[in-house]
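Numbering-wise, our numbering puts 51 at position 51 of the sequence shown, and it's gapless, one number per residue. Ideal placement from N, C-alpha and C gives every residue a C-beta, glycine not left out. Data block below; observations after.
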Amino acid sequence: MTAEEIPEYPEYAERVLDVADLIPPGRVMTYGDVAEWLGDGGPRQVGRAMALYGGAVPWWRVVRSDGRLLPGHELRALDHYREEGTPLRQTGNRAEGHLPRLDMRRARWDGSPAAPPEDSAGTGDGAGTEDRTP
Numbered sequence: 001m002t003a004e005e006i007p008e009y010p011e012y013a014e015r016v017l018d019v020a021d022l023i024p025p026g027r028v029m030t031y032g033d034v035a036e037w038l039g040d041g042g043p044r045q046v047g048r049a050m051a052l053y054g055g056a057v058p059w060w061r062v063v064r065s066d067g068r069l070l071p072g073h074e075l076r077a078l079d080h081y082r083e084e085g086t087p088l089r090q091t092g093n094r095a096e097g098h099l100p101r102l103d104m105r106r107a108r109w110d111g112s113p114a115a116p117p118e119d120s121a122g123t124g125d126g127a128g129t130e131d132r133t134p
């Protein structure tokens, strides 16, 4: 890929994507966590940047604060979470779609140096990270 073919991201989106790249496998940050980390914007601005440009990074690691999986991408995200050993909580059979939720208490990353999530089977080898090339 030549320099002319590499897309330019708006500055804020580039910063959001940089944070998403830092989140270790098996861990997550909420949209609000990312905004707080940046000291700029809020959850909606982070969500917008991820919606428009997040396909170039491990998008499944930037999540809703309630632990519900991203609507429309639940099964793809769930595959990534299982592969990385991200802590999940099973939901009751009356829950919509019977999909698990993220166990936010155990999966949430605070930005400290990478450590595997509590009681996780994650490998911590970086598997699942993607090149930012669209």
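Residue i, buried or exposed, once every other Cβ within 10 Å from all chains shown has been counted against 16
| i | result |
| --- | --- |
| Ala20 | buried |
| Pro87 | buried |
| Leu75 | exposed |
| Pro58 | buried |
| Leu52 | exposed |
Beta-carbon proximity check, residue i vs residue j, cutoff 8 Å
| i | j | result |
| --- | --- | --- |
| Tyr12 | Gly41 | yes |
| Arg61 | Met104 | no |
| Arg89 | Pro71 | no |
| Ala35 | Pro24 | no |
| Leu69 | Ala56 | no |
CA-to-CA distance, residue j to residue i, given in whole angstroms
| i | j | result |
| --- | --- | --- |
| Asp110 | Leu22 | 11 Å |
| Arg64 | Glu8 | 26 Å |
| Gly85 | Pro10 | 32 Å |
| Ala107 | Gly26 | 7 Å |
| Ala3 | Leu17 | Only weak support is given to the placement of Ala3: the predicted model assigns it a pLDDT of 49, under 50, and the value that follows is read from those uncertain coordinates. The alpha-carbon atoms of Ala3 and Leu17 are separated by roughly 19 Å. |
| Arg48 | Gly32 | 12 Å |
| Thr91 | Leu102 | 10 Å |
| Ser139 | Gly67 | With the chain covering only 1 through 134, there is no way to say anything about residue 139. |
| Val46 | Glu14 | 11 Å |
| Arg82 | Met50 | 21 Å |
| Trp170 | His98 | Outside the shown range of the chain (1 to 134) lies residue 170, about which nothing can therefore be said. |
| His80 | His73 | 11 Å |
First and last residue of the uninterrupted alpha helix (DSSP H) at residue i
| i | result |
| --- | --- |
| Trp59 | No alpha helix (DSSP H) contains Trp59, which DSSP labels as neither H nor E. |
| Glu83 | Glu74 to Glu84 |
| Leu17 | Glu11 to Leu22 |
| Val191 | What is shown of the chain runs 1 to 134, which leaves residue 191 out entirely. |
| Arg105 | Met104 to Ala107 |
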